[in-house]
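**Q** Got a structure for you, written out below as structure tokens; questions coming shortly.
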Amino acid sequence: DNFVVGPCNRLAREASFAVAEGRQQPVNPLYLASDPGLGKTHLARAIADTRNNRGGRVIYHSAETFTNHFTSAIRSREMDQFKRRYRQGCDLLVIEDVQFLSNKVGTQLELFHTLNHLVDVGARVVFTADRLPREIQALEERLCSRMAAGLVAALEPPDALVRREILRVKAASGGVRLPEDCLDLL
Numbered sequence: 001d002n003f004v005v006g007p008c009n010r011l012a013r014e015a016s017f018a019v020a021e022g023r024q025q026p027v028n029p030l031y032l033a034s035d036p037g038l039g040k041t042h043l044a045r046a047i048a049d050t051r052n053n054r055g056g057r058v059i060y061h062s063a064e065t066f067t068n069h070f071t072s073a074i075r076s077r078e079m080d081q082f083k084r085r086y087r088q089g090c091d092l093l094v095i096e097d098v099q100f101l102s103n104k105v106g107t108q109l110e111l112f113h114t115l116n117h118l119v120d121v122g123a124r125v126v127f128t129a130d131r132l133p134r135e136i137q138a139l140e141e142r143l144c145s146r147m148a149a150g151l152v153a154a155l156e157p158p159d160a161l162v163r164r165e166i167l168r169v170k171a172a173s174g175g176v177r178l179p180e181d182c183l184d185l186l
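Using our numbering, read the sequence shown as starting at 1 and increasing by one per residue.
Have a look at this one:
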């Protein structure tokens, strides 16, 4: 509700809204890419919160956490439990910062199979990263292709009007009304 929309992020916001509302099945997976601070985590959390509030089973982790769970499952010989955790009954899987998977071949393979399973059973998947899938070095081609198979939405830096509105909204959420000339100066 408090995401400021402009030309720089409209596609990502609309796609996120569709996933959160359970519409637009072809938008699966949704891949949100941007430099830090442009709203991809804001959108990913909003999708997860919306789906969770509707009673769906949501898994929301960083790629690092997914990797840690995977390696722990291998060490403890509990891969069946790991697969059940990420695949059974999951309505939405959100994995943040997938650029972390660079050079992690085993984790990439497991994520590829998890992604295929979830899409096949109708679950939704959302990825975020600081770059497009094809720009992540040492990302296995089939995972890269699969991540990009739904919709890849890049969030661009906001223009002056959007930055101004972001400032206004942030100030208002803290109970402050900034005069127009102050907003322009900031």
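Quick reminder that beta carbons are idealized off the backbone N, C-alpha and C, glycines included.
In this text the structure is predicted, and so the values were computed from the model without any measurement.
1) Which of helix, strand or coil does DSSP assign to Val-152?
2) If we call anything under 7 Å between Cβ atoms a contact, is Ile-59 one with Leu-32?
3) Output the boundary residues of the alpha helix (DSSP H) element that contains Phe-112.
4) Pull up the distance between the alpha-carbon of Glu-188 and that of Arg-168, whole angstroms please.
5) Which residue comes first and which comes last in the alpha helix (DSSP H) that contains Leu-92?
6) Beta-carbon separation of Asp-91 and Arg-146 under 7 Å?
7) Leu-38 and Ser-16 - do their beta-carbons sit closer together than 7 Å?
8) I'd like the list of long-range same chain contacts for Asn-28, defined as Cβ closer than 7 Å, with 5 residues on each side in sequence excluded.
9) In whole angstroms, give me the CA-to-CA distance for Val-162 and Leu-183.
**A** Based on what the coordinates show:
1) The residue given as residue 152 occupies position 152 in the sequence shown. In this structure, Val-152 counts as strand in the three-state DSSP scheme.
2) Taking the first residue of the sequence shown as position 1, residue 59 is located at position 59. Taking the first residue of the sequence shown as position 1, residue 32 is located at position 32. Against a cut-off of 7 Å, the Cβ pair of Leu-32 and Ile-59 comes out as no contact.
3) For the purposes of this step, residue 112 is taken as the residue at position 112 of the sequence shown. Per DSSP, Phe-112 belongs to the alpha helix (DSSP H) from 105-120.
4) Outside the displayed span of the chain (1 to 186) sits residue 188, for which this structure offers no information.
5) What you label residue 92 is simply residue 92 of the sequence shown in a count that begins at 1. Run containing Leu-92: none in the alpha helix (DSSP H); it sits in the beta strand (DSSP E), 92-96.
6) Position 91 of the sequence shown, counted from the first residue, corresponds to residue 91. Position 146 of the sequence shown, counted from the first residue, corresponds to residue 146. Not in contact: Asp-91 and Arg-146 (Cβ atoms no closer than 7 Å).
7) On the sequence shown, residue 16 is found 16 positions in, with the first residue counted as 1. On the sequence shown, residue 38 is found 38 positions in, with the first residue counted as 1. No; because the gap between Cβ atoms is not below 7 Å, this pair is not in contact.
8) Here residue 28 corresponds to residue number 28 of the sequence shown, with the count starting at 1. Only Val-119, Arg-124, Val-125 and Gly-150 meet the Cβ criterion.
9) As a first step, residue 162 is located in the sequence shown; it is residue number 162 there, counting from the start. As a first step, residue 183 is located in the sequence shown; it is residue number 183 there, counting from the start. CA-to-CA, the gap between Val-162 and Leu-183 works out to about 11 Å.
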